[in-house]
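Undergrad: When we follow my numbering, the leftmost residue of the sequence shown carries the number 20, and every step to the right adds one. Ideal Cβ placement from N, Cα and C applies to all residues, glycine included. The structure presented is a predicted model; accordingly, all values stated were derived computationally and were not measured. Structure provided below as structure tokens; questions to follow.
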Amino acid sequence: MRWLSLLWFAGLALAQPTLRLEEGWVRRVPGNITAAYLVLYNPTDRPLKIVGASTPIATRVEFHQTTHAGHDDHLDISAMKRVDALTVPAKGRLKILPGGYHLMLYGLREKNPKSLAEGQKVPITLRLEGGVSLTFTLTAQTR
């Protein structure tokens with residue numbers, strides 16, 4: 020009977036969604052708003068949907084996407100729109116990088132009276148559909 024319990028716990032651990040952080044940083048800026056960037060790898064056989072995020076250094080985190088319009092050399096219009104969720108494809112990567120998807124961190128001064136220091140470690144918690152949360156540590160960088 021004990022081995023059945025062990026098998027159940029092992030199966031539960033294997034069933035938990037997981038993501039791997041391949042790259043990540045928080046843009047170091049003096050203001051009250053910044054952005055976080057990540058490259059995530061999903062080793063599982065099914066897509067993983069990220070439905071929320073938080074960090075102790077900001078009052079809120081939103082998912083945004085930068086879009087570009089204009090195709091000639093003289094016109095490049097960029098716009099940013101909020102998105103509800105991000106999906107990491109099965110056995111694939113989601114690049115959350117400048118010029119595309121990114122995490123906007125708002126209210127830095129309310130949580131963090133000093134500006135972010137170069138090299139400061141910043142925990143970011145991602146909430147997946149289904150209730151699992153994963154925390155990654157990013158580094159504040161001037162880029």
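Measure from the alpha carbon of THR53 to the alpha carbon of each residue in THR106, PRO117, THR86, then state which is nearest.
TA: Here the question's residue 53 lines up with position 34 in the sequence shown. Cα-wise, what sits closest to THR53 is PRO117.
Undergrad: Are three or more beta carbon pairs between the segment 49-68 and the segment 106-125 nearer than 8 Å?
TA: Yes, since at least three Cβ pairs between the segment 49-68 and the segment 106-125 fall closer than 8 Å, the two stretches touch.
Undergrad: According to the neighbour-count rule (16 or more other Cβ atoms, all chains shown, within 10 Å of its Cβ), is ALA159 buried or exposed?
TA: Numbered from its first residue, the sequence shown carries residue 159 at position 140. Classification for ALA159: buried.
Undergrad: Who are the near neighbours of VAL141 in its chain, counting only those whose CB is closer than 8 Å to its CB and skipping five residues on each side?
TA: One-based indexing of the sequence shown puts residue 141 at position 122. Only VAL45, ALA55, THR74, ILE76, LEU135, THR156, LEU157, THR158, ALA159 meet the Cβ criterion.
Undergrad: May I ask which residues mark the beginning and end of the alpha helix (DSSP H) holding LYS130?
TA: Residue numbering aside, residue 130 sits at position 111 when the sequence shown is read from its first letter. Element bounds for LYS130: 127-130.
Undergrad: Ordered along the chain, which non-local residues of its own chain (more than five positions away) have a Cβ less than 6 Å from that of HIS83?
TA: The residue given as residue 83 occupies position 64 in the sequence shown. Answer for HIS83: MET99, ARG101, HIS121, MET123, listed in chain order.
Undergrad: To the nearest angstrom, how far is the alpha carbon of GLU137 from that of GLY43?
TA: Within the sequence shown, residue 137 is the residue found at index 118, counting from 1. Within the sequence shown, residue 43 is the residue found at index 24, counting from 1. Distance between the alpha carbons of GLU137 and GLY43: 14 Å.
Undergrad: Counting only the same chain and skipping the five closest in sequence on each side, list residues whose C-beta sits under 8 Å from that of LEU25.
TA: By one-based count along the sequence shown, residue 25 stands at place 6. Its pLDDT being 39, under 50, LEU25 is placed unreliably in this model, and the value from its coordinates should be taken loosely. For LEU25, where only same-chain residues beyond five positions count, there are no Cβ hits under 8 Å.
Undergrad: Quickly, what does DSSP pair GLU42 with across the bridge? List them, please.
TA: What you label residue 42 is simply residue 23 of the sequence shown in a count that begins at 1. Answer by DSSP bridge pairing, in chain order: VAL58.
Undergrad: Three-state secondary structure (DSSP) at LEU145?
TA: Start at 1 with the first residue of the sequence shown, and residue 145 comes out as number 126. Of the three classes helix, strand and coil, the one that applies to LEU145 here is strand, per DSSP.
Undergrad: So is ILE96 buried or exposed if we call it buried at 16+ other beta carbons inside 10 Å?
TA: The count along the sequence shown starts at 1 and reaches residue 96 at position 77. Exposed: under 16 other Cβ atoms inside 10 Å.
Undergrad: Using DSSP bridges, identify the partner residues of ILE96.
TA: Translated into the one-based positions of the sequence shown, residue 96 becomes position 77. Its beta-bridge partners are ALA88.
Undergrad: Looking at PRO66 and THR37, is the spacing between their C-beta atoms short of 8 Å?
TA: Residue numbering aside, residue 37 sits at position 18 when the sequence shown is read from its first letter. Residue numbering aside, residue 66 sits at position 47 when the sequence shown is read from its first letter. Cβ distance not < 8 Å, so THR37 and PRO66 don't count as in contact.
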